[in-house]
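Residue numbers (the working numbering), protein chains in the order written: chain H, 2 to 249; chain U, 2 to 249.
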DNA sequence: TAGTGGTCTAGACCACCTG
DNA sequence: AGGTGGTCTAGACCACTAC
């Protein structure tokens with residue numbers, strides 16, 4: 002037993018320990034975990050209990066199971082995961098297009114009070130501010146403003162950021178060991194200012210969808226803020242709830 | 002055994018049969034199911050297999066478990082479920098307010114092609130069109146336009162609709178046995194037309210959040226369309242994904 | 001062929017709720 | 001006290017993957 006006097010069920014404890022090991026980097030993203038039999042031995046629990054712990058970690062996308070191959074730490078490299086955090090689709094047929102990203106600005110700055118609260122850091126903490134313009138089907142459609150705590154991404158530079166050969170979240174994962182698991186978003190309607198209008202090829206006062214996202218890693222630790230302004234003339238934001246991903 | 006030659010796992014088959022029984026009305030919303038022991042006997046499976054079937058039904062909100070009391074068909078009467086489909090919260094503190102609903106129109110009409118496709122009915126099928134104005138903190142904030150197939154709500158009248166003493170989804174459930182489990186939404190930004198501006202107390206051309214929802218019941222059958230126009234000056238739309246509801 | 005995860009069983013004990 | 005769901009065990013067998 003491992004229970005250590007906690008009042009939580011054994012499988013929750015196992016899940017907590019496994020998640021902590023992954024967060025610590027004992028297994029990198031994409032790496033295979035020991036087999037269920039071995040993990041059960043390691044934690045001195047039955048296979049059933051170990052499986053129940055991993056069941057929840059699968060639902061939370063911390064790990065992925067492949068029958069016959071093993072259980073792997075979830076990775077952003079797969080295409081499926083790339084679109085897991087990209088909810089803007091083409092109007093009508095809901096097609097998902099790969100966005101073309103252009104970085105307009107990369108600056109070092111200090112966290113504003115509101116940002117600091119959402120990032121769980123002190124006011125004035127060093128941050129990066131990044132502005133990206135995303136094009137869909139060749140047309141500028143989304144204007145993204147990112148805020149990242151410098152402490153989490155120590156040696157990040159504009160060159161590293163722009164010369165990545167994959168998604169932004171994959172860069173966080175492969176270079177800094179930061180895995181984005183969840184995102185919490187708040188949406189509202191806004192009017193295009195002079196800035197956004199010019200960049201998105203709109204008239205000032207055109208309607209835009211504004212999305213404020215907090216990206217979260219293990220234990221719900223915030224690792225990025227992102228405000229998106231979306232031109233929804235040809236695109237929409239998809240939201241499914243009550244849904245589970247379980248195929249009937 | 003029950004497997005009946007299907008290639009699906011036993012627990013999926015059990016889940017399918019249980020869900021079908023609920024959809025058929027063998028147990029009404031809020032009713033208690035037989036105990037796990039009895040259900041396991043009924044389907045000639047072990048408790049473990051029966052529990053795995055119910056586990057998934059819990060995730061899909063088809064049933065709710067209460068330790069020591071039993072397993073119940075999910076019901077809309079609970080306050081928690083009411084807010085499960087209401088994602089508009091107060092800006093800043095994200096407080097959930099109970100909306101005050103006023104029905105502005107209730108008409109019988111025919112399904113337009115786009116509506117018919119989304120509702121899985123024939124073009125021209127009889128529908129109800131309902132327009133509601135929702136106020137939050139005493140101020141008109143959301144303009145809802147609903148489309149319901151008349152076939153699903155046979156004797157519905159404006160009087161029945163407006164004199165319900167609970168949520169709209171609870172009316173569907175208690176009077177017509179229709180349980181809304183999921184909703185699929187598409188969001189975009191729009192400008193207030195003369196109509197919406199007047200009703201929401203805005204200037205024409207003010208930015209609005211437009212939400213198109215399809216409400217789904219068992220086996221993903223569509224049971225309602227709803228277009229919402231939201232004044233997001235004081236409110237926001239919340240969206241969490243990658244999340245699971247599992248408390249760490 | 002060996003090893004992996006996926007399913008299924010049969011039972012024990014506990015925590016909780018209702019009478 | 002009796003019944004409910006919640007946890008945990010210890011195994012068996014199957015389906016899939018890699019070598």
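We put the beta carbon where it would ideally sit given N, CA and C, even for glycine.
| Check | Outcome |
| --- | --- |
| Would you say residue 241 of chain H faces chain U, with C-beta separation under 9 Å as the test? | yes |
| Figure out for me which residue from U:99, U:33, U:130 has the closest Cα to the Cα of residue 145 of chain U. | U:130 |
| Exposed or buried, residue 44 of chain U, counting other C-beta atoms within 10 Å across all chains shown (16 or more means buried)? | buried |
| Return the CA-CA distance between residue 152 of chain H and residue 164 of chain H, expressed in angstroms with no decimal places. | 21 Å |
| Counting contacts by CB-CB distance shorter than 9 Å, is residue 22 of chain H in contact with chain U? | no |
| Tell me which residues of the stretch 172-197 of chain H have at least one Cβ-Cβ distance to chain U shorter than 9 Å, keeping chain order. | 181, 182, 183, 184, 185, 186, 187, 188, 189, 190, 191, 192 |
| Listed from N- to C-terminal order along the chain, which residues in the stretch 97-116 of chain U have their beta-carbon within a distance smaller than 9 Å of any beta-carbon of chain H? | none |
| Assign residue 232 of chain U to buried or exposed, taking buried as 16 or more other Cβ atoms, counted over all protein chains shown, within 10 Å of its Cβ. | buried |
| Leaving out five residues before and five after residue 71 of chain H in sequence, what residues of the same chain have Cβ atoms less than 6 Å from its Cβ? | 33 |
| Skipping 5 residues on each side, what residues in its chain have a beta carbon closer than 8 Å to that of residue 51 of chain U? | 12, 15, 37, 40, 41, 44 |
| What residues in the stretch 219-236 of chain H have a beta carbon less than 9 Å from any beta carbon of chain U? | 220, 221, 231, 232, 233, 234, 236 |
| Provide the residue(s) that pair with residue 208 of chain U in DSSP beta bridges, ordered along the chain. | U:192 |
| Can you find the residues in the same chain that come closer than 8 Å, C-beta to C-beta, to residue 31 of chain H, ignoring five residues on each side of it along the sequence? | 73, 74, 76, 78 |
| Could you name the residues of chain H that residue 208 of chain U contacts, counting a contact when the two beta carbons are closer than 7 Å? | 190, 191, 192, 208 |
| To which residues does DSSP link residue 111 of chain U through a beta bridge? | U:127 |
| Starting from residue 147 of chain U and walking both ways along the beta strand (DSSP E), at which residues does that stretch end? | 140-150 |
| Can you list, in chain order, the residues of its chain whose CB lies under 8 Å from that of residue 116 of chain H, leaving out five sequence neighbours each side? | 128, 148, 226 |
| Using the beta-carbon count (16 or more within 10 Å), is residue 236 of chain H buried or exposed? | buried |
| Just to confirm my understanding: we take residue 59 of chain H, look at its own chain, exclude 5 residues before and 5 after, and list those with CB closer than 8 Å. What are they? | 65, 66 |
| Compute the Euclidean distance between the alpha carbons of residue 240 of chain U and residue 168 of chain U, then round it to the nearest angstrom. | 21 Å |
| Tell me the rounded alpha-carbon separation between residue 6 of chain H and residue 23 of chain U. | For residue 6 of chain H, the predicted structure reports a pLDDT of 38, less than 50, and the residue's modelled location is therefore unreliable. The matter cannot be settled from this model. |
| Would you kindly work out how many angstroms separate the C-alpha atoms of residue 205 of chain U and residue 195 of chain H, rounded to a whole number? | 20 Å |
| For the stretch 3-41 of chain H, list the beta strand (DSSP E) runs that are entirely contained and at least 3 residues long, ordered along the chain. | none |
| Are the C-beta of residue 121 of chain H and some C-beta of chain U separated by less than 9 Å? | no |
| In whole angstroms, what separates the C-alpha of residue 62 of chain H from that of residue 199 of chain U? | 46 Å |
| Apart from the five residues on each side of it in sequence, which residues of its chain come closer than 7 Å, Cβ to Cβ, to residue 112 of chain U? | 120, 122, 124, 125, 126, 128 |
| Quick one: is residue 214 of chain H buried, meaning 16 or more other Cβ sit within 10 Å of its Cβ, or exposed? | buried |
| Scan the stretch 51-107 of chain H and note each continuous beta strand (DSSP E) run of 3 residues or more that stays entirely inside, going in chain order. | 64-67, 71-74, 89-91 |
| For residue 222 of chain H, which of helix, strand or coil comes out of DSSP? | coil |
| Considering residue 236 of chain U, what are the terminal residues of the beta strand (DSSP E) in which it resides? | 236-242 |
| Using 9 Å as the threshold, is the C-beta distance between residue 47 of chain U and residue 101 of chain U below it? | no |
| When you compare each of U:160, U:182, U:69 to residue 170 of chain U by their alpha carbons, which one comes out closest? | U:182 |
| Following the continuous alpha helix (DSSP H) through residue 172 of chain U, name the residue where it begins and the one where it ends. | 169-177 |
| If you follow the alpha helix (DSSP H) that residue 163 of chain U is in, where does it begin and where does it stop? | 159-163 |
| To the nearest whole angstrom, what separates the beta carbons of residue 190 of chain H and residue 159 of chain H, a pair I think is in contact under 8 Å? | That pair is no contact at about 32 Å. |
| For residue 84 of chain U, which residues from the same chain have a beta carbon less than 8 Å from its beta carbon, with the 5 sequence-adjacent residues on both sides left out? | 97 |
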